[in-house]
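In our numbering, the protein residues as written are 203 to 507.
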Ligand code: CP
């Protein structure tokens, strides 16, 4: 039995296989309509979510399965003090697979040690978000046709942005990927990613506060929201929240085939005027998340189609 806690739990070959299955689902949805008949997915979300929880649930329904959902910590017995270990031991009696989001880093890992069904990390604090990375990889694959030979800019909250951490880990395994890290000084990438992933693998990178200066060299621009919920005081959040706002004029010197990604939700960091630019991929990216979650559920439940 396998869980997915960190994107590096999946080999490059397994990522290729998931992308291939997701593309097959996109082309042949009927083939998968009963693949998970009588299987149940439990979504245990102890932090707010729109895309991740609902795309997991849509994924399971489109595979012919059913869903049990805890959408809010206050509505589960976690509010009475039940431990994560006890919660998932019990959920293992009711569901075949669990997707968990939690504000505490490592909580889904603890869940995976105690559950008797696969556990999927659906976002743990400011740490990791591997299934968002699956959505990001399918998007890059469909938009760019490759993972190698890319200059990828990450802009915004690189400190608390868990999607950034997981995507850098994933892309670190491909050839000739250059990272351009754009953030205010206070929101720089944490050392466990910069040192243990980028520097340890001798990957090319630059750090800057100036998005417009680096814009012309980017193949992919991954914008992120400043993560209000991770700040200790509101004053710092208010000072930093609008550090970067992507508007059409800032894209004038960008490549004509730039791909603009954002895990969403967005607040102010991408103007809605950018949405009609064909280079804006973020709504396609949200849809891709559903297909990759379908592929992942099939893989972890060992369902052959
Ligand atoms: N990208 C993402 O995790 O969105 P939600 O918080 O809405 O799930």
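Even glycine gets a Cβ: it sits at the ideal position worked out from N, Cα and C. In this text the structure is predicted, and so the values were computed from the model without any measurement.
Let's see if you can read the secondary structure: which residues bound the alpha helix (DSSP H) around residue 503? Position 301 of the chain shown, counting from 1, holds the residue named residue 503. Premise fails: residue 503 is in no alpha helix (DSSP H) and is neither H nor E.
Between the Cα of residue 242 and those of 252, 270 and 229, spot the shortest distance and give me the residue it belongs to. Counting from 1 along the chain shown, the entry for residue 242 is found at position 40. The option with the nearest alpha carbon to residue 242 is 270.
Around the C-beta of residue 492, are 16 or more other C-beta atoms found within 10 angstroms, so that it is buried, or is it exposed? Walking along the chain shown from the start, residue 492 turns up at place 290. So residue 492 counts as buried.
Does the separation of the CB atoms of residue 246 and residue 287 fall below 9 Å? For the purposes of this step, residue 246 is identified with residue 44 of the chain shown, where counting begins at 1. For the purposes of this step, residue 287 is identified with residue 85 of the chain shown, where counting begins at 1. No, these two residues do not count as a Cβ contact at 9 Å.
Whole-number beta carbon distance between residue 494 and residue 333, since they are thought to touch under 8 Å: Along the chain shown, one-based indexing puts residue 333 at 131. Along the chain shown, one-based indexing puts residue 494 at 292. Indeed, because the Cβ distance is near 7 Å, the residues count as touching under 8 Å.
Do residue 357 and residue 453 count as a contact pair if the criterion is CB distance below 9 Å? Along the chain shown, read from residue 1 onward, the residue named residue 453 stands at position 251. Along the chain shown, read from residue 1 onward, the residue named residue 357 stands at position 155. It is not a contact, given that the beta carbons lie outside the stated cut-off.
Return the CA-CA distance between residue 444 and residue 340, expressed in angstroms with no decimal places. On the chain shown, residue 444 is found 242 positions in, with the first residue counted as 1. On the chain shown, residue 340 is found 138 positions in, with the first residue counted as 1. Approximately 29 Å between the Cα atoms of the pair.
Does at least one heavy atom of the ligand HEM sit under 8 Å from the Cβ of residue 250? No copy of the ligand HEM appears in this structure; the ligands present are the ligand CP.
Leaving out five residues before and five after residue 391 in sequence, what residues of the same chain have Cβ atoms less than 6 Å from its Cβ? Here residue 391 corresponds to residue number 189 of the chain shown, with the count starting at 1. The answer, listed in chain order, is 360 and 383.
Sufficient close CB pairs (3 or more, under 8 Å) joining the stretch 295-303 to the stretch 218-227: Of all C-beta pairs linking the stretch 295-303 to the stretch 218-227, fewer than three are shorter than 8 Å, placing the two stretches out of contact.
Is residue 232 closer than 9 Å to residue 267 when the C-beta atoms are compared? On the chain shown, position 65 is the one that residue 267 refers to. On the chain shown, position 30 is the one that residue 232 refers to. No, Cβ-Cβ distance for residue 267 and residue 232 is not below 9 Å.
From the DSSP output, in three-state form, read off residue 302 for me. Here residue 302 refers to the residue found at position 100 of the chain shown. In this structure, residue 302 counts as strand in the three-state DSSP scheme.
Relative to the C-alpha of residue 310, which candidate in 296, 325 and 437 has its C-alpha closest? For the purposes of this step, residue 310 is identified with residue 108 of the chain shown, where counting begins at 1. The option with the nearest alpha carbon to residue 310 is 325.
Helix, strand or coil at residue 443 according to DSSP, with G and I counted as helix: Here residue 443 refers to the residue found at position 241 of the chain shown. Note: residue 443 maps to coil in three-state DSSP.
In the structure shown, what three-state DSSP assignment does residue 327 receive? Here residue 327 is taken as the residue at index 125 of the chain shown, counted from 1. Reduced to three states, the DSSP call for residue 327 is coil.
Under the three-state reduction of DSSP, which class applies to residue 484: helix, strand or coil? Along the chain shown, one-based indexing puts residue 484 at 282. In the structure shown, residue 484 falls within a helical segment according to DSSP collapsed to helix, strand and coil.
Classify residue 485 as buried or exposed, calling it buried when 16 or more other Cβ atoms lie within 10 Å of its own Cβ. Reading the chain shown from its first residue, position 283 is the one you call residue 485. Taking all protein chains in view, the Cβ of residue 485 is surrounded by fewer than 16 other Cβ atoms within 10 Å, so the residue is classified as exposed.
Would the beta-carbon of residue 415 fall within 9 Å of that of residue 223? For the purposes of this step, residue 415 is identified with residue 213 of the chain shown, where counting begins at 1. For the purposes of this step, residue 223 is identified with residue 21 of the chain shown, where counting begins at 1. For residue 415 and residue 223, no; Cβs fall outside 9 Å.
Could you name the residues that DSSP lists as bridge partners for residue 407? Locating residue 407 in the chain shown gives position 205, where the first residue counts as 1. Note: residue 407 sits in a beta bridge opposite 381.
Separation of residue 218 from residue 203, as counted between CA atoms: Translated into positions along the chain shown, residue 203 becomes position 1. Translated into positions along the chain shown, residue 218 becomes position 16. Approximately 20 Å between the Cα atoms of the pair.
State the start and end residues of the unbroken alpha helix (DSSP H) segment that holds residue 290. The residue labelled residue 290 in the question sits at position 88 within the chain shown. Unbroken alpha helix (DSSP H) run through residue 290: 286-296.
By the DSSP assignment, the alpha helix (DSSP H) with residue 220 in it spans what residues? Counting from 1 along the chain shown, the entry for residue 220 is found at position 18. From DSSP, the alpha helix (DSSP H) with residue 220 extends over 214-229.
Buried or exposed for residue 296, going by 16 or more other Cβ atoms inside 10 Å? In the chain shown, the residue the question calls residue 296 occupies position 94. Per the 10 Å Cβ criterion, exposed.
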